[in-house]
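As structure tokens, the structure follows; a few thoughts come after it.
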Amino acid sequence: MQISTINDLLLHINHKMGHGITNFLIKGKIFLHFIFTQKINNVKEETRNIKKKLRYIIKEI
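Per the numbering used here, residue 3 is the first one in the sequence shown, and the count goes up by one each step.
Have a look at this one:
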């Protein structure tokens, strides 16, 4: 069996072990996705703050 995506892997595990484990993994995947997007948003926010500070410093000079 060719496993190319996370969804293929989930379907494969589902086939082997039943539905409970897949629901568990899907919830885990959503949780990881949430953490990842939060980190990206934090980085974007930090970048915005740094840009604002730089503009302020440049105005002062």
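Glycine included, every Cβ here is placed at the ideal spot set by N, Cα and C.
Cβ pair residue 8, residue 31 closer than 9 angstroms
Here residue 8 refers to the residue found at position 6 of the sequence shown. Here residue 31 refers to the residue found at position 29 of the sequence shown. In contact: residue 8 and residue 31 (Cβ atoms closer than 9 angstroms).
Quick check: the Cα distance between residue 63 and residue 57, rounded to an integer number of angstroms?
Start at 1 with the first residue of the sequence shown, and residue 63 comes out as number 61. Start at 1 with the first residue of the sequence shown, and residue 57 comes out as number 55. Between residue 63 and residue 57, the C-alpha separation is close to 10 angstroms.
Would you mind giving the Cβ-Cβ distance between residue 27 and residue 13, rounded to the nearest angstrom? I have them listed as a contact below 8 angstroms.
Start at 1 with the first residue of the sequence shown, and residue 27 comes out as number 25. Start at 1 with the first residue of the sequence shown, and residue 13 comes out as number 11. Contact flag wrong, Cβ pair sits at about 11 angstroms.
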